[in-house]
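Positions 14 to 344 (this note's numbering) are the ones given, in order, by the sequence shown.
Remarks on the structure that follows.
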Amino acid sequence: MTCEASEHAVSSANPFANFELEKVLSESDRTKCMALLGRWHGKPDKGILLLSRRPFDSAKVQRLLANSPSSELQFQNDIYAKYASMVAPEQATITVDAIYPATEKHISKHSTQKFMMVAETAEVYSNKVLPYMQSLPASRITWVYNILEKKAETERLLFEDPDPDIGFMLHPDLKWDQTQTEGLYCIALCHRRDLKCLRDLTADSLALLQNLKHKTCQVIQEKYGVQCDQIRAYIHYHPSYYHLHVHVMHLGVDAGAGMAAGKAHLLDDVIDNIEVFGSDYYKRRTLHFTVGESDPLYKQCFADVGIPLKSARDRSIGPRPTSEHQQWIGC
Numbered sequence: 014m015t016c017e018a019s020e021h022a023v024s025s026a027n028p029f030a031n032f033e034l035e036k037v038l039s040e041s042d043r044t045k046c047m048a049l050l051g052r053w054h055g056k057p058d059k060g061i062l063l064l065s066r067r068p069f070d071s072a073k074v075q076r077l078l079a080n081s082p083s084s085e086l087q088f089q090n091d092i093y094a095k096y097a098s099m100v101a102p103e104q105a106t107i108t109v110d111a112i113y114p115a116t117e118k119h120i121s122k123h124s125t126q127k128f129m130m131v132a133e134t135a136e137v138y139s140n141k142v143l144p145y146m147q148s149l150p151a152s153r154i155t156w157v158y159n160i161l162e163k164k165a166e167t168e169r170l171l172f173e174d175p176d177p178d179i180g181f182m183l184h185p186d187l188k189w190d191q192t193q194t195e196g197l198y199c200i201a202l203c204h205r206r207d208l209k210c211l212r213d214l215t216a217d218s219l220a221l222l223q224n225l226k227h228k229t230c231q232v233i234q235e236k237y238g239v240q241c242d243q244i245r246a247y248i249h250y251h252p253s254y255y256h257l258h259v260h261v262m263h264l265g266v267d268a269g270a271g272m273a274a275g276k277a278h279l280l281d282d283v284i285d286n287i288e289v290f291g292s293d294y295y296k297r298r299t300l301h302f303t304v305g306e307s308d309p310l311y312k313q314c315f316a317d318v319g320i321p322l323k324s325a326r327d328r329s330i331g332p333r334p335t336s337e338h339q340q341w342i343g344c
């Protein structure tokens, strides 16, 4: 989910009304998205508008052709030609996500910036990153609790397992308009509030992760006809917000950097790593990930750390399995 709604959220039916642009944070030719930073008149804090062009709907393409959009030839060379065409307004809709108030983290996330690959050892996590996470105001995830407590977005709920230990809620991500299954993108929010991120996952979490994997796959197959082998599920590290959630999407979705190495950890791999390498695998290991230079996480925890050089021996994630464990995993 990309918008963190709260009682402070913009209430106007028109998000552009009284929005005073401060600057363009980012724009992408590939994704056809743009992020704008500004203020709404009468509101004290800054806000962000995320603009994106919606994908074509194959079910409506015949109507588009029948309307014969006005077109201007830009160039022609042998068998190739390029046109600029004006389609009907109802076929040129854009999606607008509003974030208010926008925190430094939001502004950093949606800004064009230089990214770094950093190495977070267990010691760096304990001494720097965890205190940083604990310093973040609880209000940052009020919108998450509003969803879990059914104070918001109840009309978007696709499925819920209410079990307090292994349960979760499944919602469509705001990046998916729910018109095409090839664009399927959902978020599973766990009910447990003690699990903030990947580092918190242990053998005690396996029942939750396995339950989430099985039931999201089942629900998506029943509702949308998408088979399990066409679904990608992963956990971000670091996430945009510190409450355990899983991204679930169709393999056809191009989520860019969000699904890349250095950000996404496949749910199946997370489960397997804990089962094979031990309950404290994610507490012990060094995690490498990308982070923007303007991100508060980078500024406070990594700007003066760098990437530690480690020998082959140091790269071990821990002691070798015992003979009993070797037998269990077939070694």
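Ideal placement from N, C-alpha and C gives every residue a C-beta, glycine not left out.
| field | Residue from Lys45, Arg212, His263 and Gln147 with nearest C-alpha to Ala135 | value | Here the question's residue 135 lines up with position 122 in the sequence shown. When each option's Cα is compared against that of Ala135, the closest is Arg212.
| task | Have a look at Lys296 and His249 and give me their C-alpha separation to the nearest angstrom. | result | Here residue 296 refers to the residue found at position 283 of the sequence shown. Here residue 249 refers to the residue found at position 236 of the sequence shown. One C-alpha to the other measures close to 16 Å.
| Apart from the five residues just before and just after Thr299, which ones in its own chain have a Cβ nearer than 6 Å to its Cβ? | The residue given as residue 299 occupies position 286 in the sequence shown. Cβ within range, chain order: Ala132 and Thr134.
| Taking Cβ to Cβ, would you say Gly345 is nearer than 7 Å to Glu35? | Residue 345 is absent from the model: the chain starts at 14 and stops at 344.
| request: Determine the direct distance from the alpha carbon of Lys45 to that of Arg66, and round the result to whole angstroms. | output: If you number the sequence shown from 1, residue 66 lands on position 53. If you number the sequence shown from 1, residue 45 lands on position 32. So the alpha carbons of these two residues sit roughly 6 Å apart.
| request: Out of Met47, Asp282, Asp308 and Glu33, point me to the one whose CA is closest to Leu214's CA. | output: The residue given as residue 214 occupies position 201 in the sequence shown. The candidate whose alpha carbon is nearest that of Leu214 is Asp282.
| request: Assign Cys199 to one of three DSSP states: helix, strand, or coil. | output: As a first step, residue 199 is located in the sequence shown; it is residue number 186 there, counting from the start. If DSSP states are grouped into helix, strand and coil, Cys199 belongs with the strands.
| query | Who are the Cβ neighbours of Glu195 in its own chain at under 6 Å, not counting the five residues just before and after it? | reply | In the sequence shown, residue 195 corresponds to position 182, counting from 1. Correct list, in chain order: His263 and Gly265.
| query | When the Cα of Leu208 is compared with those of Val259, Arg245 and Val232, which residue comes out closest? | reply | As a working mapping, residue 208 is identified with position 195 in the sequence shown. Taking only the C-alpha atoms, the option nearest Leu208 is Val259.
| How many Å lie between Met272 and Asp217 at the Cα? | Numbered from 1 along the sequence shown, position 259 holds the residue referred to as residue 272. Numbered from 1 along the sequence shown, position 204 holds the residue referred to as residue 217. Cα-Cα distance, rounded: 26 Å.
| message | Taking only three categories from DSSP, how would you classify Thr8? | response | With the chain running from 14 to 344 in the structure shown, residue 8 is simply not present.
| task | Measure how close the beta-carbons of Leu86 and Tyr96 come, nearest whole angstrom, since I'm counting them as under 8 Å. | result | Along the sequence shown, read from residue 1 onward, the residue named residue 86 stands at position 73. Along the sequence shown, read from residue 1 onward, the residue named residue 96 stands at position 83. With a Cβ gap of about 6 Å, Leu86 and Tyr96 count as contacting.
| field | Lys73, buried or exposed, once every other Cβ within 10 Å from all chains shown has been counted against 16 | value | Along the sequence shown, one-based indexing puts residue 73 at 60. Exposed.
| query | Under the rule that 16 or more other beta-carbon atoms within 10 Å means buried, what is Ser71, buried or exposed? | reply | In the sequence shown, counting from the first residue as 1, residue 71 sits at position 58. Exposed, since its Cβ has fewer than 16 Cβ neighbours within 10 Å.
| task | Give me the Cα-Cα distance between His350 and Ala201, rounded to the nearest whole angstrom. | result | Since the first and last residues shown for the chain are 14 and 344, residue 350 lies out of range.
| message | Here's a check: name, in chain order, each residue in its chain whose Cβ is nearer than 6 Å to the Cβ of Phe32, leaving out the five neighbours to either side. | response | Locating residue 32 in the sequence shown gives position 19, where the first residue counts as 1. The answer, listed in chain order, is Gly51 and Trp53.
| task | With DSSP as the reference, please indicate the residues paired to Val304 in a beta bridge. | result | The residue you call residue 304 lines up with position 291 of the sequence shown. According to DSSP, Val304 bridges with Met129.
| said: Tell me which residues share the same chain as Ala26 and place their Cβ nearer than 8 Å to its Cβ, disregarding the 5 neighbours each side in the sequence. | reply: As a first step, residue 26 must be located in the sequence shown, where it is residue number 13. Cβ within range, chain order: n/a, list empty.
| request: Starting from the C-beta of Leu63, find all residues in its chain whose C-beta is less than 6 Å away, skip the five residues before and the five after it, and write them out in chain order. | output: By 1-based counting over the sequence shown, the position of residue 63 is 50. Counting only Cβ-Cβ distances below 6 Å, and skipping sequence neighbours, we find Ala48 and Asp110.
| Candidates Ala30, Trp156, Phe29 and Gly60, of which the one nearest Leu38 by Cα | The residue you call residue 38 lines up with position 25 of the sequence shown. It is Gly60.
| request: Find out if the Cβ-Cβ distance for the pair Pro114, Asp174 is shorter than 7 Å. | output: Here residue 114 is taken as the residue at index 101 of the sequence shown, counted from 1. Here residue 174 is taken as the residue at index 161 of the sequence shown, counted from 1. It is not a contact, given that the beta carbons lie outside the stated cut-off.
| task | Let me know if Cys210 comes out buried or exposed under the rule of 16 or more other beta-carbons within 10 Å of its beta-carbon. | result | In the sequence shown, counting from the first residue as 1, residue 210 sits at position 197. Classification of Cys210: buried, given that the 10 Å Cβ count is 16 or more.
| field | 4 or more residues per run - each alpha helix (DSSP H) lying fully within the segment 205-270 | value | 219-237
| Do you know offhand how far Ile320's Cα is from Asp242's? | One-based indexing of the sequence shown puts residue 320 at position 307. One-based indexing of the sequence shown puts residue 242 at position 229. Low confidence applies here, because Ile320 scores a pLDDT of 49, under 50, leaving its location unreliable and the question unanswered by this model.
| said: When you compare the CB positions of Leu279 and Tyr237, do they come within less than 7 Å of one another, or not? | reply: Within the sequence shown, residue 279 is the residue found at index 266, counting from 1. Within the sequence shown, residue 237 is the residue found at index 224, counting from 1. Result no, Cβ atoms of Leu279 and Tyr237 do not sit closer than 7 Å.
| query | Could one say the Cβ of Pro28 lies closer than 7 Å to chain B's Cβ atoms, at least one of them? | reply | The structure shown contains no chain B; it holds only a single protein chain.
| task | Let me know if His251 comes out buried or exposed under the rule of 16 or more other beta-carbons within 10 Å of its beta-carbon. | result | By one-based count along the sequence shown, residue 251 stands at place 238. Its Cβ being crowded by 16 or more others within 10 Å, His251 is buried.
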